[in-house]
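Chemist: Sharing a structure here in structure tokens format.
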Amino acid sequence: MRSDPAEYRLVSPGNLQAVLSLLAGEPAQWLPIAGGTDLMVLYSAGKLPNRKLINIWNIPELRQIEVFPDRIRIGAACTYTALREHDIVSREFPLLAIAASWTGGIANQNRGTLGGNIANASPAADSLPALLVYDAELTLISVRGERRVDYRSFHTGYKQTALGADELIRDISLPRRFSGYVSHARKVGTRNAQAISKVCLAALGQIANGTIRDVRLALGSVAPVPLRLNETEQALSGKRIEPSLIDAARKNVVKEIRPIDDIRSTARYRAVVAGNLVAEFLEKLAAAEANT
């Protein structure tokens with residue numbers, strides 16, 4: 070059953086304070102909408118429960134990408150196209166730029182926003198593993214003020230977040246300290262484009278004299294939330310990349326993730342692929358040092 074437009078109300082306050090006032094006045098009743106690439110799917114299917122929508126697409130504070138000496142700050146309503154085309158993002162945060170290029174087609178990339186991807190909280194979202202390995206920090210705002218939350222603690226369960234009923238994601242901050250890392254991004258889906266991930270990986274690593282100095286691994290579509298592989302990282306840190314370590318990493322990954330059977334794939338397939346993707350990254354990391 071399709072939705073009836075007459076049952077919905079959409080307002081466009083045009084400024085941030087007015088948006089926050091509406092959210093504060095009726096917490097959990099108003100739903101912010103920017104690009105709408107996720108919400109309109111629910112609306113078209115008659116499954117969008119919120120009847121009051123606030124348009125935040127045209128608010129300047131949410132559309133900026135600001136560059137500072139130690140960090141980059143991305144407004145929550147920045148589109149995937151803006152991320153993909155931004156020089157600093159592409160050069161210093163390639164995993165995020167690649168993920169932006171994976172998300173839907175060009176039309177979706179022109180409208181879909183990074184903040185919307187975060188708030189929608191799908192464990193299959195392409196951009197979220199990249200935010201985990203880059204140590205992203207979120208700024209959440211309301212009429213009560215602002216607070217900063219480490220992104221890795223933002224998702225509290227399947228489709229659940231630490232965002233308050235009167236809060237809005239204002240920006241996403243990434244530290245500028247990963248330029249010396251080897252990066253690796255892989256997405257496995259039914260098609261080469263416009264497919265929801267069966268498994269996706271974002272990985273960063275540093276290696277010197279054959280020894281892993283730092284490694285960061287995050288996966289999508291293998292747990293109720295986007296997952297940082299803390300245990301696997303600890304098992305790899307300080308070790309030399311050898312066939313035995315790669316085999317052990319595969320096993321650690323399978324132990325750490327919690328995949329499910331669903332319409333897109335099976336838990337068994339996801340477990341095997343996740344282990345293989347991490348192994349592929351470790352081989353790339355070893356090769357990177359050999360080629361320097």
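Take the position in the sequence shown, starting the count at 1, then add 69; the result is the number in my numbering. Think of the CB as a built atom: it goes at the ideal place given N, C-alpha and C, for glycine as much as any other residue. Given the structure is predicted, the values throughout are model-derived calculations rather than measurements.
#1: Would you mind stating whether residue 251 and residue 357 have Cβ atoms separated by less than 7 Å?
#2: Comparing alpha-carbon positions, which option in 331, 339 and 78 lies nearest residue 322?
#3: What are the uninterrupted segments assigned as beta strand (DSSP E) that are 3 or more residues long and contained completely in the region 129-176, given in chain order?
#4: Which two residues bound the contiguous alpha helix (DSSP H) that contains residue 342?
#5: Where DSSP assigns a beta bridge to residue 244, which residues make up the other side?
#6: Grouping DSSP H, G and I as helix and E and B as strand, with all else coil, what is residue 295?
#7: Residues in its own chain within less than 7 Å of residue 363 by CB, not counting five upstream and five downstream?
#8: Can you find the residues in the same chain that come closer than 8 Å, C-beta to C-beta, to residue 113, ignoring five residues on each side of it along the sequence?
#9: Could you work out which residue in 227, 228, 239 and 212 is closest to residue 218 when comparing CA atoms only?
#10: Under a three-way DSSP split, which group does residue 311 fall into?
#11: Where do the N-terminal and C-terminal ends of the beta strand (DSSP E) with residue 372 fall, by residue?
#12: How long is the line joining the alpha carbons of residue 122 and residue 315, rounded to whole angstroms?
#13: By a C-beta neighbour count over all protein chains shown, 10 Å radius and 16 as the cutoff for buried, is residue 226 buried or exposed?
#14: Use the C-beta contact count for residue 98: other C-beta atoms within 10 angstroms, 16 or more gives buried, fewer gives exposed.
#15: Between residue 248 and the rest of its own chain, which residues show a CB-CB distance below 6 Å, the 5 nearest in sequence each way excluded?
#16: Report the three-state DSSP secondary structure of residue 103 (helix, strand or coil).
#17: Do you know how far the Cα of residue 215 is from the Cα of residue 309?
#18: Please report the Cβ distance between residue 272 and residue 286, rounded to the nearest whole angstrom; I am assuming they are in contact, meaning their Cβ atoms lie under 8 Å.
#19: Return the bridge partner residues of residue 362 from the DSSP annotation.
#20: Please go through the same chain and pick out, in chain order, the residues whose beta-carbon is closer than 7 Å to the beta-carbon of residue 108, but skip the five residues on each side of it.
#21: Which residue from 111, 104, 93 and 120 puts its Cα closest to that of residue 76?
#22: Can you tell me the Cα-Cα spacing of residue 303 and residue 291, whole angstroms?
#23: So, are the CB atoms of residue 158 and residue 164 less than 7 Å apart?
#24: Helix, strand or coil: how does DSSP classify residue 73 here?
#25: On the premise that residue 126 lies in contact with residue 146, defined as a C-beta separation below 8 Å, what is that separation, rounded to the nearest angstrom?
Modeler: In terms of the structure at hand:
#1: yes
#2: 339
#3: 134-136 and 140-144
#4: 336-359
#5: 140
#6: coil
#7: Residue 363 falls outside the range modelled here, since the chain spans only 70 to 361, and no answer is possible.
#8: 71 and 72
#9: 239
#10: coil
#11: As shown, the chain starts at 70 and ends at 361. That puts residue 372 outside it, with no answer to give.
#12: 49 Å
#13: exposed
#14: exposed
#15: 161
#16: coil
#17: 43 Å
#18: 5 Å
#19: The question about residue 362 has no answer, for the chain in this structure spans 70 to 361.
#20: 102 and 117
#21: 120
#22: 19 Å
#23: no
#24: coil
#25: 6 Å
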